[in-house]
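Structure first, commentary second.
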Amino acid sequence: MKMFSLFRTSCERDRTNSDLPPIYSYASAHTAASTVPRALCDPLRELGFASCPETDPPLPLYTNCPTSGEVILSGAPSPHHSQFTERRNEQHASETRFEYRSSRMKLDMGARGAPTTQYPAYGYGDRVEGSLEITSLKNVEKVELKFQGSIKLVATERGYEESAGSKILFSYSELVYSSETPASSSPTELHHHFSFTLPSQCMESPDLLPPSSLLLFPGIECHIAYDVKVDMFKKGFRKHETVGTRILYLPKTSPPAQRTEAHTYSPPSPSASSSNEKTDAANNGWKTSIMRGEVPLDTVKDLLVEMALPRPLSYKSKTPIPVHFLFSNSPDSTFPDLIASNATISLYKNTTLFHRGYAIHREQLLGKGDFGKAWKSHQESNTWTAEGSVVGGKTNGEISWQVDGFVSVEYATRVEVKPSPALKGVIPSYSRTENITLTTHSWEEAFQRDGILDGPALGIIGQS
Numbered sequence: 301m302k303m304f305s306l307f308r309t310s311c312e313r314d315r316t317n318s319d320l321p322p323i324y325s326y327a328s329a330h331t332a333a334s335t336v337p338r339a340l341c342d343p344l345r346e347l348g349f350a351s352c353p354e355t356d357p358p359l360p361l362y363t364n365c366p367t368s369g370e371v372i373l374s375g376a377p378s379p380h381h382s383q384f385t386e387r388r389n390e391q392h393a394s395e396t397r398f399e400y401r402s403s404r405m406k407l408d409m410g411a412r413g414a415p416t417t418q419y420p421a422y423g424y425g426d427r428v429e430g431s432l433e434i435t436s437l438k439n440v441e442k443v444e445l446k447f448q449g450s451i452k453l454v455a456t457e458r459g460y461e462e463s464a465g466s467k468i469l470f471s472y473s474e475l476v477y478s479s480e481t482p483a484s485s486s487p488t489e490l491h492h493h494f495s496f497t498l499p500s501q502c503m504e505s506p507d508l509l510p511p512s513s514l515l516l517f518p519g520i521e522c523h524i525a526y527d528v529k530v531d532m533f534k535k536g537f538r539k540h541e542t543v544g545t546r547i548l549y550l551p552k553t554s555p556p557a558q559r560t561e562a563h564t565y566s567p568p569s570p571s572a573s574s575s576n577e578k579t580d581a582a583n584n585g586w587k588t589s590i591m592r593g594e595v596p597l598d599t600v601k602d603l604l605v606e607m608a609l610p611r612p613l614s615y616k617s618k619t620p621i622p623v624h625f626l627f628s629n630s631p632d633s634t635f636p637d638l639i640a641s642n643a644t645i646s647l648y649k650n651t652t653l654f655h656r657g658y659a660i661h662r663e664q665l666l667g668k669g670d671f672g673k674a675w676k677s678h679q680e681s682n683t684w685t686a687e688g689s690v691v692g693g694k695t696n697g698e699i700s701w702q703v704d705g706f707v708s709v710e711y712a713t714r715v716e717v718k719p720s721p722a723l724k725g726v727i728p729s730y731s732r733t734e735n736i737t738l739t740t741h742s743w744e745e746a747f748q749r750d751g752i753l754d755g756p757a758l759g760i761i762g763q764s
């Protein structure tokens, strides 16, 4: 407080010969204020002032006790703030009902999904249930309820949007009310309960129903949307009335079959021939693929390098995907280690849009991994094995899907061997890509935990 008064007094000292009002002036200042106290003059003289500005205009008195019209600004949080925030969050968590209104209608979709979803969310094979209330049927010709899923490509040409193609994925309609339906008495209001099971496949197509999506590419977008809509048709030239909402379809998935446990105790064996893939009987639960060297060298012309993935090629997202490296006919025991130490495993998400006969492709890296030290797995055949794994994607949020002629979302593992500058010309370069399928849950989870695949997979939209 003393230093603040000192600063203010020094500022007033510089303005003594000015006609301007004091820098700090208040309409409610004390008119009987005295001149600067003598106790403040000694510090001023120490700072170099010749005399104390006792001839300055009177200054208002200052005190740390606020008047009736003043408050003290404090940085301390209010004791009621955290309690209010907790009550508001609890109230929001309990208010999960999705209701939509027009002048005469109220569409109640019930409590579906999580409080953080913008629209009602559903999973694979879920039932869309709700109720419709109509307060007045005066001059109403008919009321129709419609469920529809659609995919639409929107292209941008010179700043203008144009439809680049669309398709109805499924459609279901229900007549709620008609004035032409004979009835004993004309109702004045209506309460209707509806229920509809989401189909598993697209209409007139073997493709599974895709999840709600918005895919953005340069110059083109892909929208996959599902809607519930109620139309009220009125007689004459009266205004048409509509109420509805978008819903989220987020299916949970799992591998189609149980993975054999053979890969946990027995590594895959090398191929006996130069075919790209061995038969299922010889694979021992693995799929092996020969990797072709991009720079063949005479010193390793007999070296056979393969990558192996456990079958089926369907894995839960955000879990380690095991990958093995197999080496046969190595000219030296150091070659497998050299190759494995320069190898990487990558997990990619490949999204493709089809527009006007062209495929617009986007590759997104989800994760990377590497291999450990190679070890001799079969003494008789001089075979070496290196183990590795790769993890990537969103937890319970990656699924493979497609809509024929419009879009496809796929995943792939890629093993690449890129020699360091010191090893160029010593070991060849290799590259091999294998398409795989990612699911939200594992086969074991789906088998052991009844009902785990029910409900929406909120991980698809980045929620747990």
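For the sequence shown, my numbering assigns the number 764 to the last residue and increments by one with no breaks.
Here a beta-carbon is modelled for each residue, glycine too, at the ideal position from N, C-alpha and C.
Every unbroken beta strand (DSSP E) within the region 517-559, with a cutoff of 3 residues, ordered by chain:
520-534, 541-549
Beta-carbon proximity of residue 627 to residue 557, cut-off 8 Å
As a first step, residue 627 is located in the sequence shown; it is residue number 327 there, counting from the start. As a first step, residue 557 is located in the sequence shown; it is residue number 257 there, counting from the start. Contact flag unset, no.
Is the distance from the Cβ of residue 512 to the Cβ of residue 548 below 8 Å?
Stepping through the sequence shown from its first residue, residue 512 is reached at position 212. Stepping through the sequence shown from its first residue, residue 548 is reached at position 248. Yes, they are a contact pair.
Compute the Euclidean distance between the alpha carbons of residue 663 and residue 649, then round it to the nearest angstrom.
For the purposes of this step, residue 663 is taken as the residue at position 363 of the sequence shown. For the purposes of this step, residue 649 is taken as the residue at position 349 of the sequence shown. Straight-line Cα distance between these residues: approximately 6 Å.
First and last residue of the alpha helix (DSSP H) that includes residue 748?
Stepping through the sequence shown from its first residue, residue 748 is reached at position 448. Looking at the DSSP string, the run of the alpha helix (DSSP H) that includes residue 748 is 743-748.
Can you tell me whether DSSP reads residue 408 as helix, strand or coil?
Mapped onto the sequence shown, residue 408 falls at position 108. Strand at residue 408.
For residue 617 and residue 669, the rounded distance between their alpha carbons
For the purposes of this step, residue 669 is taken as the residue at position 369 of the sequence shown. For the purposes of this step, residue 617 is taken as the residue at position 317 of the sequence shown. Looking at the two C-alpha atoms, the distance is approximately 15 Å.
8 Å contact criterion, which residue 610 and residue 622 should meet: CB distance rounded:
Within the sequence shown, numbered from 1, the residue matching residue 610 stands at position 310. Within the sequence shown, numbered from 1, the residue matching residue 622 stands at position 322. Their Cβ separation, rounded to whole angstroms, is 6 Å, which keeps residue 610 and residue 622 in contact under 8 Å.
When you compare only the Cα positions, how much space is there between residue 684 and residue 654?
Within the sequence shown, the letter at position 384 stands for residue 684. Within the sequence shown, the letter at position 354 stands for residue 654. Between residue 684 and residue 654, the C-alpha separation is close to 43 Å.
Assuming contact is defined by CB atoms lying nearer than 8 Å, are residue 672 and residue 692 in contact in what I supplied?
In the sequence shown, the residue the question calls residue 672 occupies position 372. In the sequence shown, the residue the question calls residue 692 occupies position 392. No; because the gap between Cβ atoms is not below 8 Å, this pair is not in contact.
Can you give me the C-alpha to C-alpha distance between residue 491 and residue 694, rounded to a whole angstrom?
Here residue 491 corresponds to residue number 191 of the sequence shown, with the count starting at 1. Here residue 694 corresponds to residue number 394 of the sequence shown, with the count starting at 1. One C-alpha to the other measures close to 42 Å.
What are the uninterrupted segments assigned as beta strand (DSSP E) that are 3 or more residues long and contained completely in the region 657-681, given in chain order?
658-670, 675-678
Let me confirm a value: residue 742 is counted as buried when at least 16 other C-beta atoms fall within 10 Å, else exposed. Which label applies?
Stepping through the sequence shown from its first residue, residue 742 is reached at position 442. It counts as buried.
Looking only at its chain, what residues have a beta carbon closer than 6 Å to the beta carbon of residue 448, apart from the 5 residues adjacent to it on each side?
For this step, residue 448 is matched to residue 148 along the sequence shown. The residues are 471, 527.
Can you list, in chain order, the residues of its chain whose CB lies under 8 Å from that of residue 436, leaving out five sequence neighbours each side?
For the purposes of this step, residue 436 is identified with residue 136 of the sequence shown, where counting begins at 1. Closer than 8 Å at Cβ, skipping near neighbours: 404, 488, 489.
Quick one: residues in its chain with C-beta nearer than 6 Å to the C-beta of residue 417, no 5 flanking neighbours on either side, listed in chain order?
The residue labelled residue 417 in the question sits at position 117 within the sequence shown. For residue 417, where only same-chain residues beyond five positions count, there are no Cβ hits under 6 Å.
Assuming contact is defined by CB atoms lying nearer than 8 Å, are residue 497 and residue 546 in contact in what I supplied?
Start at 1 with the first residue of the sequence shown, and residue 497 comes out as number 197. Start at 1 with the first residue of the sequence shown, and residue 546 comes out as number 246. Taking 8 Å as the Cβ cut-off, residue 497 and residue 546 do not qualify as a contacting pair.
If you draw a straight line from the alpha carbon of residue 755 to that of residue 601, how long is it in whole angstroms?
Here residue 755 is taken as the residue at index 455 of the sequence shown, counted from 1. Here residue 601 is taken as the residue at index 301 of the sequence shown, counted from 1. Roughly 54 Å between the two C-alpha positions.
For residue 713, report the span of its alpha helix (DSSP H) as first-last.
Within the sequence shown, residue 713 is the residue found at index 413, counting from 1. Where residue 713 is concerned, there is no enclosing alpha helix (DSSP H), although the beta strand (DSSP E) it sits in stretches over 707-717.
Determine, for residue 474, whether the minimum Cβ-Cβ distance to residues of chain C falls below 8 Å.
Absent here is chain C; the protein component of the structure consists of one chain.
Residue 464: buried (16+ other C-beta within 10 angstroms of its C-beta) or exposed?
One-based indexing of the sequence shown puts residue 464 at position 164. Flag for residue 464 reads buried.
Can you tell me which residues form a DSSP beta bridge with residue 752?
Residue numbering aside, residue 752 sits at position 452 when the sequence shown is read from its first letter. Paired residues: none, contrary to the question.
Once you ignore the five residues that flank residue 706 on each side, which residues in its own chain have a CB closer than 8 Å to its CB?
Counted from its first residue, the sequence shown places residue 706 at position 406. Contacts found: 451, 453, 465, 467, 522, 653, 654.
Skipping 5 residues on each side, what residues in its chain have a beta carbon closer than 7 Å to that of residue 442?
Within the sequence shown, numbered from 1, the residue matching residue 442 stands at position 142. The answer, listed in chain order, is 475, 477, 478, 479, 533.
Expressed to the nearest angstrom, what Euclidean distance is found between the alpha-carbon atoms of residue 760 and residue 629?
Mapped onto the sequence shown, residue 760 falls at position 460. Mapped onto the sequence shown, residue 629 falls at position 329. Cα to Cα, the separation comes out at about 45 Å.
Since residue 622 is in the beta strand (DSSP E), which residue starts that stretch and which ends it?
Indexing the sequence shown from 1 puts residue 622 at position 322. Residues 621-628.
Roughly how far, in whole angstroms, is the beta-carbon of residue 758 from the beta-carbon of residue 550, given that I think they are within contact range, below 8 Å?
Position 458 of the sequence shown, counted from the start, is the residue given in the question as residue 758. Position 250 of the sequence shown, counted from the start, is the residue given in the question as residue 550. Sure, about 6 Å apart at Cβ, within 8 Å.
Hey, could you find the ends of the alpha helix (DSSP H) residue 640 is sitting in?
Counted from its first residue, the sequence shown places residue 640 at position 340. Its alpha helix (DSSP H) spans residues 634-641.
Quick one: Cα of residue 700 to Cα of residue 538, how far?
For the purposes of this step, residue 700 is taken as the residue at position 400 of the sequence shown. For the purposes of this step, residue 538 is taken as the residue at position 238 of the sequence shown. Roughly 47 Å separates the two Cα atoms.
Thinking just about the alpha-carbon of each residue, which of 696, 462, 734 is nearest to the one in residue 619?
Within the sequence shown, residue 619 is the residue found at index 319, counting from 1. Ranking the options by Cα distance to residue 619, first place goes to 696.
Ignoring anything shorter than 3 residues or poking outside the region 450-514, list the beta strand (DSSP E) runs there in chain order.
460-478, 490-497
When the Cα atoms are used, what is the spatial distance from residue 507 to residue 501?
Indexing the sequence shown from 1 puts residue 507 at position 207. Indexing the sequence shown from 1 puts residue 501 at position 201. When rounded, the distance between both Cα atoms is 6 Å.
Taking all protein chains shown into account, decide if residue 245 is buried (16 or more other Cβ within 10 angstroms of its Cβ) or exposed.
This structure cannot settle anything about residue 245, because the visible part of the chain is limited to 301 through 764.
Considering just the uninterrupted stretch of the beta strand (DSSP E) at residue 688, what are its terminal residues?
As a position in the sequence shown, residue 688 is number 388, starting the count at 1. Looking at the DSSP string, the run of the beta strand (DSSP E) that includes residue 688 is 683-690.
C-alpha distance - residue 718 paired with residue 525, whole-angstrom precision:
Along the sequence shown, read from residue 1 onward, the residue named residue 718 stands at position 418. Along the sequence shown, read from residue 1 onward, the residue named residue 525 stands at position 225. So the alpha carbons of these two residues sit roughly 43 Å apart.
With distances taken Cα to Cα, identify the nearest neighbour of residue 440 among 541, 458, 518.
As a first step, residue 440 must be located in the sequence shown, where it is residue number 140. Of the listed residues, the one whose Cα sits closest to residue 440 is 541.
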